[in-house]
Structure formats: C-alpha cells, structure tokens
DNA sequence: TCGTGGAATGTACGTTGTACACATAATGTA
DNA sequence: TACATTATGTGTACAACGTACATTCCACGA
C-alpha cells in the first residue's frame, strides 16, 4: 500500500528565499510554453530557458520531476473551470455547464487533453470539480456516480483530443478551406472516407461537442427516469 | 496540398529476398512486444532485438520510421474487429456490435487506445470499419454521419484509456482487492474522492463500458426519432 | 567465377529526462 | 561584524530514445 514515489501533492513546496523560484512561477511559465509550442515543445530545458537565468536542474527542487510539473500544470488550468459553490436545482443544467466550462478551458489549453489521461487525477482543483460532479450525479440518482462521472469526463477529453488531432492533420496536409478539403478527399478517393468527409464542416467542433454531450445526457436522463419514476 | 512526408500506406513494401525481413513479420513482433511491455516498452531496438539478428536500422527500410510502424500496428489489430459484409436490419444492433468488437480488441491490445489518437486513421482496415459505421449511421438518418461516428469512436477509445490508466494506478499503489481500495481511500481521506471511490468496483469495466454505450445510443435514437417520425 | 546492387549493420549525433557533485549566496549565531 | 551552516542554483554527465549516414555483407545473374 506504499506508493513507490509520492505524488507532488504530498511533497510540500520547499520554503523560498529572496530571488528564489516558486512552484507557481515555474508552472505558469510551463503553461505558457505548452500553450504556444504544444506538448512536444514542453521540455524542462525550454521551461528553464524561459525562466531566464536557470538551468533545467533548478526546477527539480520545486517540482521533483517532469511528471510532477505536469501534475501541477493540469491542476492549475483546472482552476479555470467554473465549479459552482452548490448545485443548482436542475442536474442536467449543472452537468452541462460543468462540461461546457471544461471544454472551453481545453480550448485555451489544447495540451490538457493530451496529458490529463497520463497522470492520476488527484490535484485539489481536479478533485473539487470531481466532487461537485459526483454530488450532482448522486443526488440525481445516477449511481454509481463515479461511473457516470467518468463517462462524462472521457467524453469531454476524448472529443477535445479528436478535434486537436483533426486540426493537426489539416495543418499537415495544408488544408485551410472547405475547397482544400474537397480536393484532398478526391486525392484519397480510392481508400478514403469518400464523400462523407465532405459533411465534416457542416458542424463546427463546438457544435459537434454539444451534440454528443446532449446525446449522453439524454441517456443519463432516460436511466434516471427509469430509476425513480 | 502536398503532405510533407507520405503516409506508410502510400509507400509500397520493398521487395524481399530470401531471409529478408518483411513488414508483416516486423509488425507482428512489434505487436507482441507492445502487448507484453506496453507502449513504453515498444522501442525500435526492442523490436530489432526480438527479431533476432537485426539492428534497429534494419527495420527502417520496411517501415520508414517509428510512426510508420505504429500506423501498421494500429491497422493490423484493427483487422481483429468484426466488420459485417453488409448492415443488418437493426442499426442499433449493428453499431453496438461494432463498438463491442472494438472494445474487445482493445482489451487484447491495451496500447491501441494510447496510440490510435496520435496517428491519422487511414489504414485499410481502419477505413473499412469506418465506412461500415458511416453507412449504418447514414442510412439510419443520423447526419452528419461523421459526427456521430467520431462520437462513438471517441467513446470507445476514451473509455479504454481511462480503464487502462485506472489499472496502472491500482498497480502503482499495490491495490489488488476491494479491501485494499477501501484502505487506500482512507489514506487519502483529506483530499480524495471520499466515499465515492468505494462504489467503483460495483460495476466492472465491461459493465461501465456497456452502460455508457447504451446511454450514447439512447441519445442517438432520440435524435433519429425526432428526425423521421 | 566474378561483379553488382540490394539488404543488413555499425557508428554516431542530437534530444530527452535527470542523477550527482560542486559552487554560491543567504541566513542564524557568536 | 565575522563566521559556520544550509538552502539554493549550476555544470557536467549519462542512459535511452529515434534515426541519418556510411560501410559491409551476401545472394543472385552473368
């Protein structure tokens, strides 16, 4: 029952002295870099360079290792997700708003979707959001709440990843307009998705996200109605 | 409109000579390694070692680079997914069976979920599955079909990733039984998910997957009914 | 039998994360 | 004020990764 290495949350930040670095500063810088350069651009050296007079090794006192830094980054941006103090009356609205807020946050920090599933989700902000979601679902009678909650989270991050990947693919093949997409689909006619791809721009990524979210919530509602009529 | 580097599918396998390697052999070996050692154990050196008298560089003639190898691996295991020759009458049953088959395949190749979203999905087997799914959804009146299809795929792979991560976490914290889990939840009482985690084993991962799938399909059915009554 | 070209290999480079030893600067104490 | 202590930053170095390049090897057609 002993973790081979403690998570960063259980390792207190070392006391700072004048001019010393801080976790907050390191994390903020790392987030800026990841926002701009993506997940591949996020290296310890890049973070150290951006901090000015620092070598990579300076960071390790504060964040233990790169996983620790990533943990802190993930939780830091999780704070941008609006978590109401208390559930409103309508559980569908509550869940929907929470998912939307998470989606918006990921839109600002695309790397989040790629990294969140690589680390255990035990940061304070992440836990606060999870607790709220679980409360709402549980009082709605959707049990086990963890099951429904993980369905929702997976949906949001999964969708974000797919959109990110799609975007990267468009860039890769120099697709900037619908016309480009049509031409490209023609090029791959033999073994491609044929004419279906052409429907893709019909729905914006935000629209697609909302559609799927509503589908999922429909299913939730059906299960709830079936439980306590 | 020109790809910076062609995908492996557009690069024909070089002709072999006696005792020469083949793509199929390399891919098969790589899959075996990834099955056993996970995505971190999958290195070019490991594959070359497993092939016996080979250095990493031998592989590059056949697979171009590691991305090419991963593309081939992903498509190879995609062949294990049952794709019917033609749609049956019931679109819900068709979609459900396809998703289940994909889920089962990922259960045998856990690395799939972690890698599938890192590469463009243009392998022949992948495309065959996509085409079938799109046909079923489109004839069911769920349009744009690509939207619904991506919702489904994301759901399956997203759920697989979450289960994989969960499993890894249990291993990491030496959790082997429900009792262990309870004890662990107690340890993290202060900032943890409190009592909710305890509900987790109530539903097997397969059960949770089926639940979410049915929720999603409920939503699909509701949209379809609304469209063509 | 020998030359030729395709196939395999060996060497080496740039990057990554990060361990370890050392230098430095700030602080507590005398 | 002066020194010892210790927190803090830096430099060097290493293993592992993907893979470019040059070289060696070997099977085949002549």
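Protein chains in written order, with the working numbering: chain R, 3 to 231; chain V, 3 to 231.
Even for Gly, the Cβ is constructed at its ideal location relative to N, Cα and C.
| query | result |
| --- | --- |
| Give a yes or no on whether the C-beta atoms belonging to residue 78 of chain R and residue 28 of chain R are separated by under 8 angstroms. | no |
| Within the same chain, show all residues whose beta-carbon is closer than 7 angstroms to that of residue 35 of chain R, passing over the 5 residues directly before and after it, in chain order. | 43, 44, 48, 49, 52 |
| Classify residue 17 of chain R as buried or exposed, calling it buried when 16 or more other Cβ atoms lie within 10 Å of its own Cβ. | exposed |
| Please list the partners that residue 204 of chain R has in chain V, where partner means a Cβ-to-Cβ separation under 7 angstroms. | 146 |
| Assuming residue 158 of chain R and residue 93 of chain R are in contact, meaning their beta carbons sit under 8 angstroms apart, how far apart are those beta carbons, in whole angstroms? | Actually they do not touch by this definition, with Cβ atoms about 17 angstroms apart. |
| Kindly list, in the order they appear in chain R, the residues whose Cβ is closer than 7 angstroms to that of residue 214 of chain V. | 153 |
| Looking only at its chain, what residues have a beta carbon closer than 8 angstroms to the beta carbon of residue 15 of chain V, apart from the 5 residues adjacent to it on each side? | 24, 25, 64 |
| Could you check if residue 179 of chain R is buried or exposed, using at least 16 other CB atoms within 10 Å of its CB as the buried criterion? | exposed |
| Comparing the C-beta of residue 114 of chain R with each C-beta of chain V, is any distance below 8 angstroms? | no |
| Mapping the DSSP letters down to three states, classify residue 99 of chain V as helix, strand or coil. | helix |
| Quick one, which residues of the region 88-105 of chain V are near chain R if we go by CB-CB under 7 angstroms, in chain order? | none |
| Among residues of its own chain, excluding the 5 on either side of residue 96 of chain R, which ones have a beta-carbon nearer than 6 angstroms to its beta-carbon? | 89, 90, 138 |
| Count the C-beta pairs between the region 135-155 of chain R and the region 106-117 of chain R that are closer than 8 angstroms, then say yes if the count reaches three, no if not. | no |
| Is there a Cβ from chain R that is less than 8 angstroms from the Cβ of residue 1 of chain V? | Outside the shown range of chain V, which is 3 to 231, sits residue 1 of chain V, and nothing can be said about it. |
| Quick check on this structure: which residue in V/220, V/130, V/112, V/30 has the alpha carbon closest to the alpha carbon of residue 100 of chain V? | V/130 |
| In chain order, what residues of the same chain lie with their CB nearer than 6 angstroms to the CB of residue 128 of chain R, ignoring the 5 residues before and after it? | 77, 80 |
| Quick one: give me the first and last residue of the alpha helix (DSSP H) that residue 36 of chain V is part of. | 25-43 |
| Can you tell which of R/201, R/222, R/208 has the C-alpha that lies nearest to the C-alpha of residue 146 of chain V? | R/201 |
| If you measure from the beta carbon of residue 8 of chain V to each beta carbon in chain R, is any gap under 8 angstroms? | no |
| With distances taken from CA atoms, which of R/67, R/121, R/46 is nearest residue 57 of chain R? | R/46 |
| Between the Cα of residue 2 of chain R and those of R/121, R/198, R/120, R/82, spot the shortest distance and give me the residue it belongs to. | Chain R is shown only over 3 to 231; residue 2 of chain R falls outside these bounds and no answer can be derived. |
| Measuring alpha carbon to alpha carbon, tell me which residue in V/206, V/86, V/84, V/30 is nearest residue 169 of chain V. | V/206 |
| If residue 208 of chain V sits next to residue 111 of chain V, beta carbons under 8 angstroms apart, how far is it from one beta carbon to the other, in whole angstroms? | At roughly 16 angstroms, the Cβ-Cβ gap does not stay under 8 angstroms, so residue 208 of chain V and residue 111 of chain V are not in contact. |
| Identify the contact partners of residue 225 of chain V in chain R, using a Cβ-Cβ distance below 9 angstroms as the criterion. | 213, 216, 217, 220 |
| Mark residue 13 of chain V as exposed unless 16 or more other C-beta atoms lie within 10 angstroms of its C-beta, in which case mark it buried. | exposed |
| Taking Cβ-Cβ distances shorter than 8 angstroms, what residues in chain V pair up with residue 171 of chain R? | 122 |
| Tell me whether residue 121 of chain R is buried or exposed, calling it buried when 16 or more other Cβ atoms sit within 10 Å of its Cβ. | buried |
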